[in-house]
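Here is the structure we will look at.
Numbering (this note's numbering), first residue to last: 1409 to 1536.
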């Protein structure tokens, strides 16, 4: 059995390197999200009324993706600061529990939006 309370040492240089790496990855992701949001905005400008519901869902999906990736970055930073395996495992369990709850809420919200979009489309089709 592994003793999870055994402390492990990480040099200050390694911590700084990891922090810089995580910050660089976060900045790269933020740049990617900005470019993606700009692309979505460009598509929306040229879209029809029917596309509005779809665009809203795309934006929501991008927002959820951004939330999930940011949660992963936060976990990475917190895990790197862990003092022992017990804390490390606890952080991971907390993250997984939070992500399961968040994923369920995100799926419900997307399902509701999709249902409303289908109902609106059916209503508009019936109006013609």
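Note that the Cβ used here is the ideal one computed from N, Cα and C, for glycine as well.
Same chain, Cβ closer than 8 Å to residue i, five either side skipped, listed in chain order
| i | result |
| --- | --- |
| residue 1542 | Outside the shown range of the chain, which is 1409 to 1536, sits residue 1542, and nothing can be said about it. |
| residue 1430 | 1481, 1484, 1485, 1488 |
| residue 1427 | 1485, 1488 |
| residue 1500 | 1483, 1487 |
Whole-angstrom C-beta distance between residue j and residue i, which should lie under 8 Å
| i | j | result |
| --- | --- | --- |
| residue 1477 | residue 1437 | 6 Å |
| residue 1521 | residue 1479 | With a Cβ gap of about 21 Å, residue 1521 and residue 1479 do not count as contacting. |
For residue i, the nearest candidate out of the options (CA to CA)
| i | options | result |
| --- | --- | --- |
| residue 1503 | 1529, 1522, 1423, 1475 | 1475 |
| residue 1466 | 1441, 1433, 1479 | 1441 |
| residue 1516 | 1444, 1469, 1531 | 1469 |
| residue 1448 | 1463, 1434, 1439, 1435 | 1463 |
| residue 1417 | 1490, 1425, 1445 | 1490 |
Chain-order list of residues whose beta-carbon lies under 6 Å from that of residue i (same chain, five-residue window excluded)
| i | result |
| --- | --- |
| residue 1514 | 1472 |
| residue 1461 | 1525 |
| residue 1528 | none |
Close Cβ partners of residue i (< 7 Å) along its chain, the five nearest in sequence each way excluded
| i | result |
| --- | --- |
| residue 1434 | 1481 |
Contact with chain B by residue i, beta-carbon distance below 8 Å
| i | result |
| --- | --- |
| residue 1488 | No chain B appears in this structure, which consists of one protein chain only. |
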